[in-house]
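Numbering (the working numbering), first residue to last: 560 to 895.
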């Protein structure tokens, strides 16, 4: 998850500035089932501080213990964790634990992530436990290699490779500034989404009103029409003003986000579309078909926080291409 690696890298930069030595643990392979899948990471400082997690909590202490030799020797290693004989996970995890060198290139990587540029991370590993100088990882962005370890170069001796692609940070644009927008903003930011509040110029709100918001923009409808939205974006209209929502729809008529939600009942949605088509009669059905209204899945939600959960759940189901249903009704593994 891009927001997780962003938090980890920002923490690495901060801890390095405090003079701490760092180790990175990455789940590179899995046999059976586990709480988290390959690609999750945990940063460890020589002060025994940890950022991130590689499981639901059953593995981290052992990873911390195994990391001590990496701090003392500076040599990467593979550790395995067999959860079949312990409480918690029921699979075998293989983790690459390696020294984390903070270089000037890390700032370039962070800038690229914040600029919504996708990147990859490649880890070279084996399934044999123990130390091995040929083990290691590197980030790849625009064909530039940024090794995790200082001066690391992949070895031809390593046959196994785990590669992970990190898409641009997922972002949510909330059109509205009332109390339910505050609830949705807070919950979405806790998901790691980059949340932007769009308010009309006549709405006297500051970003302090929206905990977790990345930015607050007061835009005219004309400015919204010229604003750029990419496909890794969700939009929710929740201004509680019928006229504003109509104008927002008009301004966003050419936008194709991955999710476009309309707060309010079905009757209001039909009224919005009817009024919208008076101004945009040439609009194709493709635009109308992408509208999710009423926004959210049926959870019986009533208050602002419950409705926010419902909307976030629907956004997740759309972005992950999943039909919401109880997991107990699912046949087979949770993650295919």
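Beta carbons: idealized from backbone N, C-alpha and C, even for Gly. In this text the structure is predicted, and so the values were computed from the model without any measurement.
query: Taking just the CA atoms, how far does residue 683 sit from residue 707?; result: 12 Å
query: Determine the burial state of residue 696: buried for a count of at least 16 other Cβ atoms within 10 Å of its Cβ, exposed for fewer.; result: buried
query: For residue 733, which beta-bridge partners are listed by DSSP?; result: 756 and 795
query: Closer than 8 Å is the cut-off here; do at least three beta carbon pairs connect the segment 602-620 with the segment 763-771?; result: no
query: Considering only the alpha carbon of each residue, which of 659, 745, 614 and 686 lies closest to residue 864?; result: 745
query: Helix, strand or coil: which one does DSSP assign to residue 634?; result: coil
query: Distance check for residue 737 and residue 904, CA to CA, integer angstroms please.; result: The first residue shown for the chain is 560 and the last is 895, placing residue 904 beyond what the model contains.
query: Determine whether the beta carbon atoms of residue 570 and residue 634 lie at a separation below 8 Å.; result: no
query: State the DSSP-derived secondary structure class of residue 711, mapped to helix, strand or coil.; result: coil
query: When you compare each of 620, 578, 577 and 672 to residue 566 by their alpha carbons, which one comes out closest?; result: 672
query: Taking all protein chains shown into account, decide if residue 702 is buried (16 or more other Cβ within 10 angstroms of its Cβ) or exposed.; result: exposed
query: Can you tell me which of the three DSSP states residue 848 falls into?; result: helix
query: I'd like to check one pair, residue 690 with residue 636: are the Cβ atoms closer than 8 Å?; result: yes
query: In chain order, which continuous runs of the beta strand (DSSP E) of length 3 or greater are located wholly inside the segment 661-706?; result: 678-684, 695-700 and 703-706
query: Is the distance from the Cβ of residue 810 to the Cβ of residue 731 below 8 Å?; result: no
query: Where are the beta strand (DSSP E) runs, 3 residues long or more, that stay fully inside the segment 760-846, in chain order?; result: 774-777, 792-796 and 818-821
query: What does DSSP give as the partner residue(s) for residue 565 in the beta ladder?; result: Its beta-bridge partners do not exist; DSSP assigns none.
query: Give the C-beta separation of residue 851 and residue 829 to the nearest angstrom, bearing in mind that I take them to be a contact with Cβ-Cβ under 8 Å.; result: About 14 Å; that fails the 8 Å criterion.
query: When the distance is taken between beta carbons, is residue 593 closer than 8 Å to residue 614?; result: yes
query: Residue 568 to residue 661, Cα distance in whole Å?; result: 9 Å
query: Any contact of the segment 775-788 with the segment 717-728, i.e. 3+ C-beta pairs under 8 Å?; result: no
query: Any idea if residue 886 is buried or exposed, counting beta-carbon neighbours within 10 angstroms, 16 or more meaning buried?; result: exposed
query: When the Cα of residue 700 is compared with those of 688, 718, 709 and 665, which residue comes out closest?; result: 665
query: Hey, would you say residue 651 sits closer than 8 Å to residue 639, going by beta carbons?; result: yes
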